[in-house]
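The working numbering puts the sequence shown at residues 29 to 500.
One structure is given here, and the rest of the page talks about it.
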Amino acid sequence: MSGNADIAVIGLGVMGANLARNFRSRGLTVAVHNRRTEVTEHLLAEHGAEGFVACTTPEELVAALKTPRVVVLMVTAGQAVDAVIASIGEHLEPGDILVDGGNSHYADTERRSVAAAAHDLLYVGMGVSGGEEGALLGPSMMPGGDTRAWPVIRPLMEKAAAVGQGTCVAWCGRGGAGHYTKMVHNGIEYGDMQLLGEVFTLMRDGLGMDAPAQAEVFEGWNRGRLSSFLVEITAGIVASRDPQGAGPLVDAILDEAGQKGTGRWTSVQAVEAGVPLPTITAAVDARAISSRRAQRTAARAVLPRGVARIPELAVEDLEQALYAAKLASYAQGFDLLRTASEERGYGIDLGEVARIWTAGCIIRAAFLGRVREAFQRDPELPSLVLDPSFAEELATALPAWRRVVAAAVIAGIPVPALSASLAWIDQVRGERGAAQLIQAQRDWFGAHTYRRLDAPDAPIHTDWASLERLHR
Ligand code: NDP
C-alpha cells in the first residue's frame, strides 16, 4: 500500500521536529512518527496539522508514503537507531530508502548498510549539522551510502538544505562516507571552539581586556577573513550581561566543557589511520581536562597557578595566530578525510565538502569558500597548507603566531590548540626532526633497523653497544 506523503521523519525530538517542519515548509507532505505518540500530537498542535501525516505506528507510516519510500530517522544515535530500523524495516519494500540523519558512528552505518542491502533496502547515513535552527531553516547535509538512493533523495534534501555556495548538500560517497564526513566536521568544530576559547583567555587574562573590548575585537574579526558563525556568536557571548549579576554571563559559567563524543571519535580515527590531528586532539583533551574538576582543584592546591599579564601582546598578533592555527586545523581535518576516503573507497570530493560547509552548519565560514577554491584549483592537493595562497598567509602569520604562543607559555596561560598547531606546522616543514634519534633507539633496543642518509634503500642494524664512543 502506498500513500501521498513525499518523505517520512521518525523521531520528533529537537532535530526531527524541526527537520520535519523544514520539509513541510518547502511544500512537501511529511509523514511523522515518534515513539511517544504525545510528542507527535504536540508537534501538530503547536505547528498545525496541514502538510503532516501523523502516524502512530511504523506500518501506518510506511502506508502513508509514496514509493520508493524515503524514511529519515532522527533518533538518538546508538541502539535507538537499530531499534527503529527493526520496527520499520519489516514493513518496507525493496528499493525503499532509509536515511539515518543522526550522529551515528560511521562504522555502525556501514554495518547497517550491509544489513539493509541484504533486504534490498537502500541505506543512507546522512550527517546533519546546524543545530535546531539549521534543521528548521536549512542545515548542511552530508549524505553517503547506497549510491542508488541519491537521485531519489537529492531533490528532497536540496529543498531543505541551506544555501551558501550552492545548496549545502552533496553526496559524500559510499558506505559510511556521510557520517565520517560529519564526524570530521564535528572534530573541526571542536578545534575552532578551543582556538576561540584560547584567544578569549589571552584577551581576558593576558591583556586584561574587559568584555566590551573583547566583543569589539571578535566583531571586527567577524568582518574579516575570520568571518564565521562561531566568531559571530563568540562576540555575542562575551558581550552578554549576566542576568543574575553585573558582569559578563560567560564569567559566571562553570568551566567544565561537555562532549557527546564525535570530537573524540575523530581523534581516535586519526590515530588509527596514522593521520596527525594535533589541533583537534588538543581540543578534545582540553575538554577532558576541564571536566576533571576535582583533579584540577587538587592540583591547584599543590601547584598554585600564577598568571602573568602580557600587555605587550598585540591584538593583531592574536588574529594572525588564530587564523593560522585554524588553517592548520582544517588542513589536518581534510587530510584525515582524504586518507579515509582513499583507504575506505568512499570517493569523497573535498572541494564539495568545503562547499556544503559554507552555510547551514556550525563551522560555516567565509574561509571555507577559499578552501573549496584551493581543492578546485588542485583536487590532488596533498595538504591545504601547500596551496600557494594559504602558504603565503601562513608564512606571513608565523612570526606573530610564535609571539603569541611564546608569550602565553611564559605567562602561564594554556594554549594547547594554538601551540599544537604551531608545533605541527614546524614539524611538517622541518627537514630533520627527532625521528633519527628514535630510529637509533629502536634499533638499539629492538634491532628494528634504520636507514642511512647515504644509503636510504638499505635497512641496517648496528650493535650499538659495541660502537666506539666519541669524546670531547
Ligand atoms: P532528542 O533527544 O531531542 O530526540 C531524540 C529522539 O529519539 C526522540 O524522538 C526520541 O523519542 C527518539 N528515541 C530515542 N530512543 C528511541 C528508541 N529506542 N526508539 C525510538 N525512538 C527513540 O535528540 P536530537 O533531536 O537532538 O538528536 C537526534 C539525532 O540528531 C541524534 O543522533 C543527535 O546526535 C543528532 N544531532 C543533533 C543535533 C542537535 O543540535 N541537537 C545536531 C546534529 C545532529 P521519544 O520522544 O519517544 O523519547
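Where is the CB? At the ideal position from N, CA and C, for every residue including glycine.
Please read these numbers as outputs of a predicted model, since none were measured by experiment.
Kindly give me the distance between the Cβ atoms of residue i and residue j, rounded to whole angstroms, as I take these residues to be in contact under 8 angstroms.
i: Leu184; j: Leu149; result: That pair is no contact at about 17 angstroms.
i: Ala163; j: Leu47; result: 5 angstroms
i: Arg400; j: Gly379; result: 5 angstroms
i: Val100; j: Val37; result: 5 angstroms
i: Val548; j: Ile384; result: There is no way to answer for residue 548, as the model of the chain reaches only from 29 to 500.
i: Gln348; j: Ala434; result: Gln348 to Ala434, Cβ: 14 angstroms. No contact.
i: Gly252; j: Thr386; result: Gly252 to Thr386, Cβ: 17 angstroms. No contact.
i: His213; j: Ile35; result: Not confirmed; about 23 angstroms, so no contact.
Would you report the Cα separation of residue i and residue j, rounded to the nearest angstrom?
i: Val501; j: Asp345; result: Nothing about residue 501 can be reported from this structure: the residues present for the chain run from 29 to 500 only.
i: Gly39; j: Val103; result: 5 angstroms
i: Ala59; j: Cys83; result: 7 angstroms
i: Ala448; j: Gly215; result: 15 angstroms
i: Asp283; j: Arg337; result: 21 angstroms
i: Gly275; j: Ile113; result: 49 angstroms
i: Val343; j: Asp279; result: 21 angstroms
i: Gly159; j: Arg320; result: 27 angstroms
i: Leu365; j: Ser494; result: 46 angstroms
i: Gly234; j: Ala439; result: 7 angstroms
i: Ala368; j: Leu223; result: 25 angstroms
i: Leu331; j: Asp491; result: 44 angstroms
i: Trp249; j: Ser157; result: 24 angstroms
i: Leu72; j: Gly55; result: 16 angstroms
i: Leu171; j: Gly155; result: Sequence inspection shows Pro at residue 171; the Leu mentioned does not correspond to that position. Taking the straight line from one Cα to the other gives about 6 angstroms.
i: Leu230; j: Pro122; result: 58 angstroms
i: Ser255; j: Pro339; result: 26 angstroms
i: Ile488; j: Asp482; result: 12 angstroms
i: Glu87; j: Gly44; result: 19 angstroms
i: Ile265; j: Val335; result: 23 angstroms
i: Ser417; j: Asp220; result: 21 angstroms
i: Tyr218; j: Val296; result: 14 angstroms
i: Arg63; j: Thr209; result: 29 angstroms
i: Glu525; j: Phe246; result: Because the chain spans 29 through 500 in this model, residue 525 falls outside it and cannot be assessed.
i: Val67; j: Arg315; result: 33 angstroms
i: Phe51; j: Thr195; result: 15 angstroms
i: Ser318; j: Arg479; result: 43 angstroms
i: Arg497; j: Thr309; result: 40 angstroms
i: Ala353; j: Val227; result: 11 angstroms
i: Ala486; j: Glu459; result: 21 angstroms
i: Ala475; j: Pro484; result: 17 angstroms
Helix, strand or coil for residue i per DSSP?
i: Thr195; result: strand
i: Leu224; result: helix
i: Leu101; result: strand
i: Met7; result: Because residue 7 is not part of the residues shown, which for the chain are 29 to 500, the question remains open.
i: Leu93; result: strand
i: Tyr151; result: strand
i: His61; result: strand
i: Gly275; result: coil
i: Ala205; result: helix
i: Arg333; result: coil
i: Ile35; result: strand
i: Ile265; result: helix
i: Pro339; result: coil
i: Pro122; result: coil
i: Pro183; result: helix
i: Ile281; result: coil
i: Pro304; result: coil
i: Ala73; result: helix
i: Ile488; result: strand
i: Ala82; result: strand
i: Val109; result: helix
i: Val443; result: coil
i: Ser256; result: strand
i: Asp128; result: strand
i: Gln242; result: helix
i: Gly41; result: coil
i: Leu346; result: helix
i: Ala146; result: helix
i: Ser494; result: helix
i: Asp313; result: helix
i: Asp136; result: helix
i: Ser30; result: coil
Hey, does residue i have any beta-carbon neighbour from chain D nearer than 8 angstroms?
i: Asp238; result: In the displayed structure, chain D is absent; only one protein chain is listed.
> On the three-pair Cβ rule with 8 angstroms, is the region 70-78 touching the region 142-158?
Replying inline: no
> Do three or more CB pairs link the region 446-462 to the region 351-359 at distances below 8 angstroms?
Replying inline: yes
> Where in the region 447-484 do unbroken runs of the alpha helix (DSSP H), each at least 4 residues long, occur, reported from the N-terminal end onward?
Replying inline: 463-474
> Touching or not, the region 121-139 and the region 185-205, by the rule of three or more beta carbon pairs under 8 angstroms?
Replying inline: yes
>> I'd like the ranges of any alpha helix (DSSP H) spanning at least 4 consecutive residues and lying wholly in the region 150-179.
In response: 159-165
> Can you list the alpha helix (DSSP H) stretches of 4 or more residues lying completely in the region 375-435, in chain order?
Replying inline: 378-384, 394-405
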